[in-house]
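Numbering (UniProt numbering), first residue to last: 1 to 295.
Structure first, then comments.
Structure representation (structure tokens):
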């Protein structure tokens with residue numbers, strides 16, 4: 001049986017007159033427009049680093065550098081100490097990814113397969129937290145890491161100030177739970193009859209079957225930690241331990257860094273995330289479109 005595909009424009013409209021030509025023309029124009037919207041800021045940043053500060057300060061911007069200065073990237077690397085801040089950012093991103101993955105997988109597994117009492121209430125509270133603006137949580141989160149309740153520990157200027165507040169991500173827990181729900185319970189019951197415990201079911205059955213969605217959650221966690229700016233700005237006040245985004249903002253505010261060097265620093269800082277996205281874009285799409293598991 002052939003399946004019918006519904007779209008905004010029907011096949012009859014496409015066959016009428018120049019409908020198909022107009023459709024392809026509009027589609028091509030929109031694709032080029034969206035490409036320019038996303039690519040042009042990257043192009044402006046990369047080429048701006050190779051311009052002179054005088055050219056960047058001109059009232060009429062130039063799309064193409066009149067004089068090429070690729071050595072600005074090396075100067076920015078040395079003067080801004082980008083290598084050290086990239087290492088800091090990578091350390092925070094990888095640590096946050098590991099902690100977030102452990103907490104989110106455990107929470108999603110419990111809500112999906114263990115079915116605790118009031119589990120739906122807990123899930124509803126997590127999803128309700130997504131409705132709150134991030135800015136509304138900054139003050140209570142800052143006060144919490146400044147003096148952790150009960151323990152009275154100050155986590156400012158430590159990696160834990162970044163890792164712990166982001167450990168339980170409601171969106172990731174929801175995505176993981178929906179995927180775990182699609183794993184047949186009969187498969188888990190069969191393994192349970194053979195003597196597999198709860199942790200063994202998670203490690204040997206659920207996690208291997210969940211590799212696509214785990215890849216998506218991992219990429220989102222790393223990218224989110226890498227590009228975060230406001231929260232690291234609040235909790236990482238010592239210059240030596242700051243992330244690349246916070247460090248570049250601090251250096252720009254001093255006025256001792258030229259605009260082209262700042263452009264170069266921003267371009268270098270964006271390279272890791274662009275590479276990660278280009279390499280794992282298929283995993284992202286496969287994970288987001290993962291369907292039910294056939295038994």
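For each residue, glycine too, the CB sits at the ideal point set by N, CA and C.
Small disclaimer: the values here were computed from a predicted structure and weren't measured.
The count of Cβ pairs closer than 8 Å, one atom from the segment 72-84 and one from the segment 198-208, stays below three, leaving the stretches out of contact.
For the pair residue 223 and residue 145, the Cα-to-Cα distance works out to about 23 Å. In this model, residue 272 and residue 137 are separated by some 29 Å (Cα to Cα).
When DSSP states are grouped into helix, strand and coil, residue 244 belongs to the helix group. Sequence-distant Cβ neighbours of residue 234 in its own chain, meaning closer than 8 Å and more than five residues away, are 138 and 142.
Taking all protein chains shown into account, residue 245 has 16 or more neighbouring C-beta atoms within 10 Å of its C-beta and is therefore buried. Excluding five sequence positions before and after residue 191, the CB atoms of its chain that fall closer than 8 Å to its own CB belong to 200, 201, 204 and 205, given in chain order. Between the alpha carbons of residue 247 and residue 36 lies a distance of about 29 Å.
With fewer than 16 other beta carbons inside 10 angstroms of its own, residue 61 counts as exposed.
The Cβ atoms of residue 45 and residue 69 lie no closer than 7 Å to each other. Closest by C-alpha distance to residue 63, out of 41, 127, 282 and 74, is 41. For residue 76, the closest of 103, 281, 269 and 280 by C-alpha to C-alpha distance is 269. Taking C-beta atoms under 8 Å as the contact rule, residue 265 and residue 88 fail to qualify, at a distance of about 14 Å. For the pair of segments examined, the segment 121-136 was found not to touch the segment 251-266: the number of CB pairs separated by less than 8 Å stays below three. For the pair residue 149 and residue 114, the Cα-to-Cα distance works out to about 29 Å. Counting only unbroken stretches of 4 or more residues, the alpha helix (DSSP H) elements lying wholly within the segment 91-174 are 119-129, 138-146 and 160-163, in sequence order. Residue state for residue 71 is assigned as helix, using DSSP reduced to three classes.
Between residue 129 and residue 119, the alpha-carbon positions lie close to 16 Å from each other.
Its chain contains 116 and 119 as the residues whose beta carbon lies nearer than 8 Å to that of residue 110, once the 5 sequence neighbours on both sides are disregarded; these appear in chain order. Counting only the Cα atoms, residue 227 lies some 16 Å from residue 278. Ranked by how close their Cα comes to the Cα of residue 255, the residues 197, 53 and 236 have 53 in first place. Annotation: residue 104 to residue 249 spans about 31 Å, alpha carbon to alpha carbon.
Straight through space, the alpha carbons of residue 21 and residue 33 are spaced by roughly 18 Å. Bounds of any alpha helix (DSSP H) do not take in residue 197, whose DSSP letter is neither H nor E. Proximity to residue 165 across 48, 177 and 92 peaks at 92, based on C-alpha coordinates. Per DSSP, residue 255 lies in no alpha helix (DSSP H) and is assigned neither H nor E. Between residue 73 and residue 171, the alpha-carbon positions lie close to 37 Å from each other. Boundaries cannot be given for residue 80, as no alpha helix (DSSP H) includes it and DSSP labels it neither H nor E. In this structure, the CA atom of residue 124 is about 18 Å from the CA atom of residue 167. Taking a C-beta distance under 7 Å as the contact criterion, residue 154 and residue 237 do not qualify as a contact pair.
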